Amino acid sequence: MSAVIKTATPFIDLECLCKALTAVGCGFRVQGNKVITDRQDVRLGFQEFQKDNYGRYALFAYSHTDRNHADFIRTVEKQYKIIYQNKIEEIECLRLEEERKRLEQERLVFVDKQKTTIIERAKEQGYSIKEENVKGKVKLVLVRNTY
């Protein structure tokens, strides 16, 4: 008889599941929608995580009284949560960095557009323009010679 062992945490991310298995010292190999562990059952052979209809990985194992399965799954679940949370934080940091870059790019486009407009207006009014860089900021000096 085989059983699907239920967990409170759905193992939906294959990469995180593999890292969690590595963290608890369990060897494994991935074959399609299965993660086959090095842990063996008496009747089923190697224990495996199979992707179910909902897209999560569930542990298929044989046992009606073995507490090793419950301890193993709790340990994997704990590591999975940590690894998954770290991955989410990393993605969030990357997303924030991309947003920061986008906003800086928009700012630079605005400054360049503003500078171009000022230079065009100054030339229309007869000024010559000198561009200076002062402490990382662009300074436009407008000069008009009168005789």
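In this text, residue positions in the sequence shown follow numbering that gives the first Met the number 0: the first is 0, and each later residue adds one. We put the beta carbon where it would ideally sit given N, CA and C, even for glycine. Because the structure is a prediction, the values reported are computed rather than measured.
In its own chain, which residues sit with a C-beta less than 7 Å from the C-beta of residue i, not counting the 5 before and 5 after it?
i	result
Glu130	Val137, Leu139
Thr6	Ile72, Glu76
Gly54	Ile11
In chain order, what residues of the same chain lie with their CB nearer than 8 Å to the CB of residue i, ignoring the 5 residues before and after it?
i	result
Arg37	In the sequence under discussion, the amino acid at residue 37 is Asp, which differs from the Arg named in the question. For Asp37, where only same-chain residues beyond five positions count, the Cβ hits under 8 Å are Cys25, Gly26, Phe27, Phe45.
Rounded to the nearest angstrom, how far is the Cβ of residue i from that of residue j, given a contact under 8 Å?
i	j	result
Tyr126	Val142	6 Å
Ile90	Lys18	Not a contact, Cβ separation roughly 15 Å.
Arg29	Gln78	Rather than Arg, the amino acid found at residue 29 in this sequence is Val. Rounded, the Cβ-Cβ distance is 17 Å, inconsistent with contact.
Leu16	Phe48	7 Å
Ala60	Asp40	6 Å
Lys80	Thr8	6 Å
Please return the same chain residues whose Cβ sits closer than 6 Å to the Cβ of residue i, not counting the five positions on each side in sequence.
i	result
Lys50	Asn32, Tyr56
May I have the straight-line CA-CA distance separating residue i from residue j, to the nearest angstrom?
i	j	result
Asn85	Cys92	11 Å
Arg66	Glu103	56 Å
Ala121	Ile128	8 Å
Tyr147	Lys100	Residue 147 is absent from the structure shown; the chain starts at 0 and stops at 146.
Asn52	Leu13	15 Å
Ile117	Ile87	45 Å
Val110	Val133	16 Å
Grab the span of the alpha helix (DSSP H) containing residue i for me, first residue to last.
i	result
Thr6	Taken as a continuous stretch (DSSP letters only), Thr6 belongs to no alpha helix (DSSP H), as it is neither H nor E.
Thr145	Unbroken run through Thr145: none, as it is neither H nor E.
Return the first residue and the last residue of the beta strand (DSSP E) that residue i is part of.
i	result
Lys129	127 to 133
Val29	27 to 30
Gln39	33 to 40
Exercise for the section: Enumerate, from N- to C-terminal direction, the unbroken alpha helix (DSSP H) stretches of 4 or more residues contained entirely within the segment 43 to 92. Expected result: none
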